[in-house]
Each structure stands twice: as C-alpha cells, then as structure tokens.
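If you're matching them up, the sequences are chains P and X in order. Going by the numbering used here, the first sequence opens with residue 21, and the numbers climb by one from there. Going by the numbering used here, the second sequence opens with residue 21, and the numbers climb by one from there. Worksheet for the structure shown next.
2 protein chains.
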Amino acid sequence: MNIQIIAFDADDTLWHNEPYFDEAQDRFCELFQNYASKQELLSLILNHQVKNLPIYGFGIKAFTLSMMEAALQLTNHQLNGKTMELIIQIGKDLLLKPVELLPEVEEVLTALKGKYKLIVATKGDLKDQHRKLHDSGLGHYFHHIEVMSDKTEMDYEKMLKRLDIQPQDFLMIGNSLKSDVLPVLNLGGHAVHIPYHTTWEYEKIDFEIQHTNFKAVEHINEILNLLV
Amino acid sequence: MNIQIIAFDADDTLWHNEPYFDEAQDRFCELFQNYASKQELLSLILNHQVKNLPIYGFGIKAFTLSMMEAALQLTNHQLNGKTMELIIQIGKDLLLKPVELLPEVEEVLTALKGKYKLIVATKGDLKDQHRKLHDSGLGHYFHHIEVMSDKTEMDYEKMLKRLDIQPQDFLMIGNSLKSDVLPVLNLGGHAVHIPYHTTWEYEKIDFEIQHTNFKAVEHINEILNLLV
C-alpha cells in the first residue's frame with residue numbers, strides 16, 4: 021500500500037449521527053401514533069425518502085420534506101398547520117444538534133496528520149456538514165471536506181479526478197459497506213469498514229465482502245496498525 | 021494577469037435561473053392572494069429565507085421549507101393539506117426545470133478550454149447543481165464543479181486552498197457583485213461581472229465597484245477580449 025490520501029466518512033464514522041435521526045423519527049411516530057404502527061410509519065418515511073432521492077439527494081432538508089409528504093399521505097391531507105410546524109421543527113432541531121465525536125477519533129487523526137493528506141468525504145446537506153466539521157473542532161486535521169451528492173462509483177470517480185489521485189493510492193474509511201466500501205473497491209481503491217452500532221435501512225447490504233484491498237476493523241484506532 | 025483557473029458562477033451566468041424562481045414565487049402569491057399583496061408575500065418569503073440561511077443554506081429545498089413557514093405564518097396555521105402539497109410541488113417543479121443555456125456560453129467555453137483550468141463555482145443544492153451541470157451538456161468543459169455552502173470571503177479562501185492556487189492567479193466570473201465579485205477582489209483575486217436582467221433581492225448591493233482587478237462586461241463573449 022502506498023496510500024497518499026485518506027478520506028474519512030463523517031456521520032457515524034467521526035461523530036454520532038444515526039441516533040439523532042432515530043430520535044427525530046421517534047418524534048414523528050409519536051405525532052402519528054394513532055394512524056399506524058411505528059414500523060409502518062418508518063417504512064412510509066423511508067419510501068418517500070427513497071422516491072425523492074433523485075431530486076432531493078441526501079440530508080436533513082430532504083428528510084424534512086419527505087416527512088411532510090409522509091404526513092400528508094398518512095392523514096389523507098387532513099394535516100393541521102400546527103403539526104406541519106412540528107415536523108419542520110423536527111428537521112431544524114436535527115440541524116442544531118451538538119456534534120459528539122466517536123471515541124479515539126482525535127487520537128487517530130493526530131497520529132495520521134502530516135503523514136497523509138486527510139480529507140472528509142460525506143453525503144448530506146452541504147451547509148450542515150460544513151457546520152458539523154466546524155463544530156467538531158476537527159477541521160484543522162483535514163485538508164478539506166468533500167460533500168458528495170451521492171457515494172456511487174461515479175461520484176468517487178469524479179472526486180478522485182478532482183483530487184488528481186490514482187485509486188490505488190486512495191483509502192476510504194467509513195461505516196457504510198454500501199457507500200464507503202463497495203464503490204471504492206470497484207474503482208481499485210482501498211477501503212476500511214468500521215461498523216457503527218446502528219445503520220440506516222437504506223445503507224444495509226446483505227452479503228459479505230472479501231477483497232485484497234478491504235479490511236474490516238472494530239474500532240477506528242485499529243487503522244493505525246493497518247497503515248504502519 | 022496570469023490567470024490559471026477561471027471559475028464560472030452557474031445560475032444566471034451559464035444558464036437561466038432567477039426567472040424560474042420568480043415564476044415559483046408567482047405561484048405561491050397566487051395561492052395566497054387573498055391574504056396579502058404580492059409585495060408583502062414576497063417580503064415574507066424572503067424574511068424566512070434569510071432567517072433560515074444559517075441552518076438551511078441556499079437552494080431549492082431551503083426555499084421550499086421557507087415558503088412553507090411563510091404560509092403557516094400568513095394563515096395563522098390555518099393551512100390545509102392540499103395547499104401544503106402544492107407548496108411542496110412548487111419546489112419539486114423547480115428541481116425538474118430544464119436547463120436553458122445563456123447565449124454564447126458554449127462558444128466562450130470552447131475558446132477557453134485547454135488554455136485555462138475551468139471550474140464551476142456555485143451555491144445552491146448540491147444534488148440540483150450537479151443535475152443542472154449534467155443536463156446543461158457543459159460538463160466536459162469543466163475540470164469540476166464546486167458547490168459552495170456560501171460565497172463569503174471565507175468560503176472562497178477555503179476553495180482557493182483546496183484548488184492550491186494563489187488569489188492573483190484566479191478569476192471569478194458571475195452575475196452577482198455581492199457573491200461573485202466583492203469577496204474575490206477582497207482576497208486579491210480577479211473578478212468579472214456579467215449582469216443578468218433580474219437579480220434576487222438578497223444579492224443586491226447599492227454601491228459601485230472600482231478596482232484594478234475588476235471588469236464589468238455586458239455579455240459573456242467579451243471576456244475573451246479581456247483574457248487575450
């Protein structure tokens with residue numbers, strides 16, 4: 021391995037994220053608990069999110085708009101203004117959540133800084149991800165942040181071109197096999213998977229990955245052993 | 021001038037945009053014409069947009085959410101579900117608009133390609149701006165697109181660092197004096213202003229710019245004379 025650039029996924033790799041979304045969805049489910057089961061409500065939101073991905077992309081604003089649509093469908097448009105405002109507020113609260121670092125992230129970045137060009141490569145809302153990187157206090161470890169509209173092979177291909185780097189010199193580290201690992205391996209890059217205790221339904225895959233350029237670890241500090 | 025990178029603003033510089041927003045706002049005003057004058061309705065939307073900028077940033081999803089808030093305020097939350105859906109649809113229609121190039125954009129890009137590194141530097145929704153660049157058919161002229169969370173001096177500073185270029189070797193071309201010209205001049209870069217026939221209220225400034233690194237032109241093809 022002759023890695024030159026290491027890209028870290030952000031949400032649930034550097035800092036906690038999915039539990040905030042779960043909490044937000046719980047609030048939505050509470051508002052509509054008389055309409056359907058929690059499982060049905062979560063499916064409904066997901067359906068609208070996936071349907072809207074091609075135009076909205078990822079992130080909290082898209083999530084908010086999809087919750088609104090789910091609520092309108094669920095109530096057969098008998099939604100009152102106060103409830104709509106509460107849905108908007110669920111989204112705004114997500115955008116104002118504190119950034120809580122995952123354990124040992126800072127120690128690992130300290131050890132890697134100067135030895136590699138470190139970047140953040142994430143999906144989500146542009147403004148929100150910039151805000152979180154700022155609030156995390158991790159900004160000075162990274163050369164820059166790449167907010168990607170998606171994490172398909174094509175998106176990584178564009179990013180690698182922009183970074184002017186060959187795939188074999190690039191390492192992606194993240195918690196999503198689907199978004200952080202598979203497309204990078206397919207391009208000839210390296211990838212490390214660090215699982216997070218909960219995964220968004222949309223990011224789940226149901227097969228195992230075996231590849232010479234792939235490593236799975238349990239904790240972020242194990243990547244130091246891989247890179248030495 | 022020893023320009024190495026030329027960055028083009030996208031909306032209302034490469035392709036039409038503001039008229040689509042005007043049309044969207046007209047549709048909103050029609051929905052609520054019994055509540056307030058058009059001028060009052062437009063102000064109300066703008067107020068919510070500006071208030072939400074720090075968390076939502078720019079773009080159509082933010083615009084949609086701000087229209088929804090404006091409608092809730094206007095009706096004192098007596099908003100029915102069908103109208104809410106229409107507001108969401110106004111936003112979605114904007115995200116599906118065809119991309120109409122401005123005159124002579126393609127000729128100018130053809131003349132500059134190969135002589136400079138050309139990029140797109142724009143605000144707005146990440147997904148939407150990537151979509152528009154793709155649909156415009158202009159993608160192959162540009163090294164890449166930078167979707168910026170805002171266009172302040174700090175945002176340009178970060179971008180120039182990422183591009184690994186000195187400000188004096190950088191030229192920004194766009195229709196907004198506030199976003200495309202002033203911050204770039206303040207950093208020591210070059211800027212060319214090409215006015216568009218209509219400007220979003222938020223982008224207006226009320227003074228004239230005189231600066232050795234600044235040129236104002238009427239049409240995009242005039243930049244070829246400046247660069248030869």
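All C-beta atoms in this analysis are idealised placements derived from N, C-alpha and C, irrespective of residue type, glycine included. What you are looking at is a predicted structure, and each value in this text was computed from that prediction instead of being measured.
Just to confirm the assignment: which complete beta strand (DSSP E) runs, minimum length 3, are found wholly within the segment 142-224 of chain X? Within the segment 142-224 of chain X, the complete beta strand (DSSP E) segments of 3 residues or longer fall at 164-167, 190-194 and 210-213, listed in chain order.
Residue range of the beta strand (DSSP E) that residue 131 of chain X falls in? Run containing residue 131 of chain X: none in the beta strand (DSSP E); it sits in the alpha helix (DSSP H), 125-132.
Beta-carbon spacing of residue 69 of chain X, residue 57 of chain X below 9 Å: no
Near-chain X residues of the segment 68-92 of chain P (beta-carbon distance less than 7 Å), N- to C-terminal order: 75, 76, 77, 81, 82, 84, 85, 88, 89 and 92
Is residue 48 of chain P helix, strand or coil by DSSP? In the structure shown, residue 48 of chain P sits in a helix (DSSP, three-state: H, G or I).
Taking the straight line between their C-alpha atoms, what separation do you get for residue 72 of chain P and residue 223 of chain P? 16 Å
Does DSSP put residue 117 of chain X in a helix, in a strand, or in coil? coil
With DSSP run on the structure shown, which of helix, strand or coil describes residue 83 of chain P? helix
Using a Cβ-Cβ cutoff of less than 6 Å, which residues in the same chain neighbour residue 191 of chain X once the five nearest sequence positions on both sides are dropped? Sequence-distant partners of residue 191 of chain X (beyond 5 residues in either direction) whose C-beta falls short of 6 Å from its own C-beta, in its chain, are 23, 26 and 210.
As assigned by DSSP and simplified to three states, the class of residue 140 of chain X: Annotated three-state conformation of residue 140 of chain X is strand, per DSSP.
Compare the C-beta of residue 25 of chain P with all C-beta atoms of chain X and state if any pair is closer than 9 Å. no
Can you look up residue 78 of chain X in the DSSP assignment and give me helix, strand or coil? Three-state result, residue 78 of chain X: coil.
In its own chain, which residues sit with a C-beta less than 7 Å from the C-beta of residue 127 of chain P, not counting the 5 before and 5 after it? 241
Touch test, the segment 172-181 of chain X against the segment 180-198 of chain P, Cβ-Cβ under 8 Å, three pairs minimum: no
Given this structure, state the Cα-to-Cα distance separating residue 214 of chain X from residue 220 of chain X, to the nearest angstrom. 15 Å
Could you tell me which chain X residues have their CB closer than 7 Å to the CB of residue 169 of chain P, listed as they occur along the chain? Result: 146, 147 and 150.
Are residue 110 of chain X and residue 151 of chain X close, meaning C-beta to C-beta below 9 Å? no
For residue 89 of chain P, I'd like the list of residues in its chain whose CB is within less than 8 Å of its CB, leaving aside the five on either flank, ordered along the chain. 68 and 72
C-alpha distance - residue 65 of chain X paired with residue 114 of chain P, whole-angstrom precision: Cα to Cα, residue 65 of chain X sits roughly 22 Å from residue 114 of chain P.
What is the C-beta distance between residue 147 of chain P and residue 76 of chain X, in whole angstroms, given that I count them as a contact (C-beta under 8 Å)? 7 Å
Residues in its own chain within less than 7 Å of residue 60 of chain P by CB, not counting five upstream and five downstream? none
Taking only heavy atoms of the ligand PLP into account, decide whether any of them is closer than 8 Å to the Cβ of residue 210 of chain P. Within the structure as shown, the ligand PLP is missing, as the structure has no ligands at all.
Excluding the 5 residues flanking residue 119 of chain P on each side, which residues of the same chain have their C-beta closer than 7 Å to its C-beta? Once the five neighbours on either side are set aside, the close Cβ partners of residue 119 of chain P are 35, 152, 155 and 156.
Using only alpha-carbon positions, find the residue among P:32, P:207 and P:246 that is nearest to residue 235 of chain P. Comparing Cα-Cα distances from residue 235 of chain P to each of P:32, P:207 and P:246, the minimum goes to P:246.
Between residue 78 of chain P and residue 193 of chain P, how many whole angstroms is the CB-CB distance? I'm expecting something under 8 Å. 19 Å between Cβ atoms; not a contact.
Anticipated Cβ contact below 8 Å, residue 30 of chain P with residue 142 of chain P, distance rounded: Between residue 142 of chain P and residue 30 of chain P the Cβ distance is about 4 Å, and since that is below 8 Å, they are a contact.
Could you name the residues of chain X that residue 116 of chain P contacts, counting a contact when the two beta carbons are closer than 9 Å? 75
Expressed to the nearest angstrom, what Euclidean distance is found between the alpha-carbon atoms of residue 53 of chain X and residue 94 of chain X? Inter-residue distance for residue 53 of chain X and residue 94 of chain X is about 11 Å (C-alpha atoms, whole angstroms).
Can you name the residues that DSSP bridges to residue 234 of chain X? X:211
Proximal residues to residue 124 of chain P (C-beta, below 8 Å), its chain only, five neighbours per side dropped: 239, 240 and 241
Option nearest residue 41 of chain X by Cα separation, candidates X:208, X:84, X:21 and X:168: Ranking X:208, X:84, X:21 and X:168 by CA distance to the CA of residue 41 of chain X puts X:84 first.
Using CA atoms only, rank isn't needed, just tell me which of X:129, X:228 and X:226 is closest to residue 243 of chain X. X:129
Interface residues of chain X around residue 182 of chain P at Cβ under 7 Å? 164
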